[in-house]
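These protein sequences, in sequence, are chains A and B. The C-terminal residue of the first sequence carries number 114 in my numbering, and the numbering is unbroken. The C-terminal residue of the second sequence carries number 115 in my numbering, and the numbering is unbroken. The beta carbon of each residue, even a glycine, is placed where N, CA and C say it ideally should be. Computed from a predicted structure; not experimentally measured. Only one structure is covered here, and it is reproduced in the block below.
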Amino acid sequence: DQQVKQNSPSLSVQEGRISILNCDYTNSMFDYFLWYKKYPAEGPTFLISISSIKDKNEDGRFTVFLNKSAKHLSLHIVPSQPGDSAVYFCAASPSHFGNEKLTFGTGTRLTIIP
Amino acid sequence: NAGVMQNPRHLVRRRGQEARLRCSPMKGHSHVYWYRQLPEEGLKFMVYLQKENIIDESGMPKERFSAEFPKEGPSILRIQQVVRGDSAAYFCASSPGQGAGNTIYFGEGSWLTVV
Chain A
1 DQQVKQNSPS
11 LSVQEGRISI
21 LNCDYTNSMF
31 DYFLWYKKYP
41 AEGPTFLISI
51 SSIKDKNEDG
61 RFTVFLNKSA
71 KHLSLHIVPS
81 QPGDSAVYFC
91 AASPSHFGNE
101 KLTFGTGTRL
111 TIIP
Chain B
1 NAGVMQNPRH
11 LVRRRGQEAR
21 LRCSPMKGHS
31 HVYWYRQLPE
41 EGLKFMVYLQ
51 KENIIDESGM
61 PKERFSAEFP
71 KEGPSILRIQ
81 QVVRGDSAAY
91 FCASSPGQGA
101 GNTIYFGEGS
111 WLTVV
């Protein structure tokens, strides 16, 4: 039972354009959502998070949008840079503070084309 | 990756041997988590520990797997009598504790190969 789904296994975007990564979830108990970036043979690196009481959170080039009614969140990266090429994981937590058990999606491999 | 130290980075074990993976959390962090990533899959939660306590082990296989976080020293994930299906990347993460802003940070991972 995949409670967090990333339906696009891969995405290619031209450098300078916007990258939009999508994530859907099924469990209404999830209260906090996070995005992690992962390079091969390394651990996930925290990017940005959002609490369920918000619908948008922005940090530099990264913005996360949350649509609770649709159980959908998205990560926008603008402008996209070659160093953004990595696998991006969406994760969800039942904790309001996001630091209990995380449920991860299967990841989307983002490739930025120079 | 934010100072969570894992060792060994790579470990090869024959079927039936024991594997021990160690994790030192970031300085000041008292909460440790272990996750496993099988090939071509996302990370799956295994266990959540605080010092000397297991808080949530709902993701741990019922047999052969155990975890501890002693008062002194690193957290240890122990896999007894390893099988080929245990081959995976094992990631440790830590956080300062519960409370707003206490995000989980991951280590570089330990890659276990069972031959």
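Check                                                                                                                                           : Outcome
Curious, which full-length beta strand (DSSP E) runs of at least 3 residues does the region 29-78 of chain A contain?                           : 32-38, 45-51, 56-59, 62-67, 72-77
Taking 8 Å as the CB-CB limit, is residue 43 of chain B close to chain A?                                                                       : yes
For residue 37 of chain A, count neighbouring Cβ atoms within 10 angstroms of its own Cβ and tell me buried if that reaches 16, exposed if not. : buried
Do you know offhand how far residue 73 of chain A's Cα is from residue 74 of chain B's?                                                         : 36 Å
Between A:63, A:55, A:9, which lies nearest to residue 71 of chain A when the distance is taken from Cα to Cα?                                  : A:55
Go ahead and pull the three-state DSSP assignment for residue 14 of chain B.                                                                    : coil
When the Cα atoms are used, what is the spatial distance from residue 44 of chain B to residue 23 of chain B?                                   : 17 Å
Measuring alpha carbon to alpha carbon, tell me which residue in A:89, A:85, A:114 is nearest residue 4 of chain A.                             : A:89
Anything in the region 55-80 of chain B with a Cβ closer than 8 Å to a Cβ of chain A? List those residues in chain order, please.               : 56, 58, 59
Please tell me whether residue 113 of chain B has its Cβ less than 8 Å away from any Cβ of chain A.                                             : no
Starting from residue 114 of chain A, find everything on chain B with Cβ-Cβ shorter than 9 Å and list it in chain order.                        : In chain order: nothing, as chain B lies at least about 26 Å away.
Measure the C-alpha to C-alpha separation of residue 22 of chain A and residue 36 of chain B and round it to an integer number of angstroms.    : 23 Å
Based on Cα-Cα distance, which residue from B:31, B:114, B:83, B:7 lies nearest to residue 101 of chain A?                                      : B:31
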